[in-house]
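Residue numbering for the sequence shown follows the numbering used here, starting at 5 and increasing by one per position. Positions of the beta carbon are idealized from the N, C-alpha and C atoms, including for glycine.
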Amino acid sequence: MVPNEEINVKAVLFDYDDTIMDVSEARSYAKQVIARELSLTTNLDQEHILRVIKDVETRMESIGQFDRRVWFMKVANILGTNLDNDYINELVRVYWSSWRLKSRLFPDVMSTLSRLRRCGFRLGIVTNTDGEPGLKRDRIRRDGVEGLFDLIVVAGDDTTHVKPHPEPFIRALQILDMSGDEVVYIGDRVSTDVPGAKAAGMYVGIIDRSGAVSFGIYGQGVSSPDFVFHSLPELLQLLGCA
Ligand SMILES: [Mg+2]
């Protein structure tokens, strides 16, 4: 998709974390809080624990496992310590409340959504589960943005498969009663956000706010976005809604 191409997009769907919610600080702060807590409990070095948590996070996210209970049980296992269920549950609660404390909407989101709305687009979120049914939707509600969207699909809660599988995108198309070429999906992570949306026939745009997206992997095929942009106002121009 290029700005002058003849397209007839009627809906704009967004990824959540790192696309409309700035969670970079939240993600690192929540891990630090857990590392500190576990260090007090186990007397192990906090930096070592933090490295273990980061390693587990990377591995779990790569296999689509988002349940922090599973993460922390794995962490305890690697640390060679035994944590009971109540304590793990408390860690999960502390993790998410720390996360919420530090997450915020990117400053260009509200104005962009209201502009898109005035241009007649339907708006939605297609996001992956937080690993426990209802948790992600609850987070979206507490973040105060639930009412800004016509539809929210939480992959893994509302569907069997999580992104990058096409199922959550196909579910969104069913709710919208639209075909893929009437919808553009906006995400920040090529590996998670591109293949499923493309397989569902959608246009895909990657927002690269920090210039951190690896451009080397762009090529032809299902894992290539249709366009890359750097801020949401830029998206408005691309959609002819500036
Ligand atoms: Mg994201």
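_Own chain residues within Cβ distance below 6 Å of Gly-84, not counting five before or after_ = Closer than 6 Å at the Cβ level, and outside the excluded window around Gly-84, lies no residue.
_Please classify Asn-47 as buried or exposed, where buried requires at least 16 neighbouring CB atoms within 10 angstroms._
The residue in question, Asn-47, is exposed, as its Cβ has fewer than 16 Cβ neighbours within 10 Å.
_Suppose the cutoff is 6 Å on Cβ atoms and the five residues either side in sequence are ignored; what does the same chain contact list for Val-232 look like?_
If we look at Val-232 and ignore the five residues flanking it on each side, its Cβ neighbours are Ile-210 and Asp-212.
*Tyr-99 by DSSP, collapsed to three states: which one?*
For Tyr-99, the secondary structure class from DSSP, reduced to helix, strand or coil, is helix.
_Tell me which residue opens and which closes the beta strand (DSSP E) that Ser-188 is part of._
It should be pointed out that residue 188 corresponds to Val in this sequence rather than to Ser. In the DSSP assignment, Val-188 falls within the beta strand (DSSP E) that extends over 187-191.
*In terms of residues, what are the limits of the alpha helix (DSSP H) holding Ala-39?*
Its alpha helix (DSSP H) spans residues 28-46.
*Exposed or buried, which one is Asp-22 when buried takes at least 16 other CB atoms within 10 Å?*
Classification of Asp-22: buried, given that the 10 Å Cβ count is 16 or more.
*Where does Ser-68 sit, in a helix, a strand or coil, going by DSSP?*
The question names Ser, but residue 68 is Gly in the sequence shown. Coil.
*What residues come near ligand 1, if near means a beta carbon less than 7 Å from any of its heavy atoms?*
This selection yields Asp-19, Tyr-20, Asp-21, Asp-22, Thr-23, Gly-191, Asp-192, Arg-193, Thr-196 and Asp-197.
*Could you pull out every residue in the same chain whose Cβ sits closer than 7 Å to the Cβ of Glu-29, ignoring the five residues on either side in sequence?*
Apart from the 5 residues on each side of it in sequence, Glu-29 sits with its Cβ closer than 7 Å to the Cβ of Lys-106 in its chain, given in chain order.
*In terms of residue numbering, what span does the alpha helix (DSSP H) encompassing Ile-24 cover?*
Per DSSP, Ile-24 lies in no alpha helix (DSSP H) segment and is marked neither H nor E.
*Take the Cβ of Arg-146 as the centre, count every other Cβ of all protein chains shown within 10 Å, and call the residue buried at 16 or more, exposed below.*
Around the CB of Arg-146, fewer than 16 other CB atoms lie within 10 Å, so the residue is classed as exposed.
*Using DSSP with H/G/I as helix, E/B as strand and the rest coil, what is Leu-109?*
Annotated three-state conformation of Leu-109 is strand, per DSSP.
_Under 7 Å: does the beta carbon of Leu-42 sit that close to some heavy atom of ligand 3?_
Judged by which ligands are present, ligand 3 is missing from the structure shown, whose ligands are ligand 1.
*Do Val-187 and Ser-228 have their CB atoms nearer than 8 Å?*
For the pair Val-187 and Ser-228, the CB atoms are not nearer than the 8 Å cut-off.
*Given 8 Å as the limit, is there contact between the region 147-158 and the region 124-136, that is, 3 or more CB pairs closer than that?*
Yes, the region 147-158 is in contact with the region 124-136.
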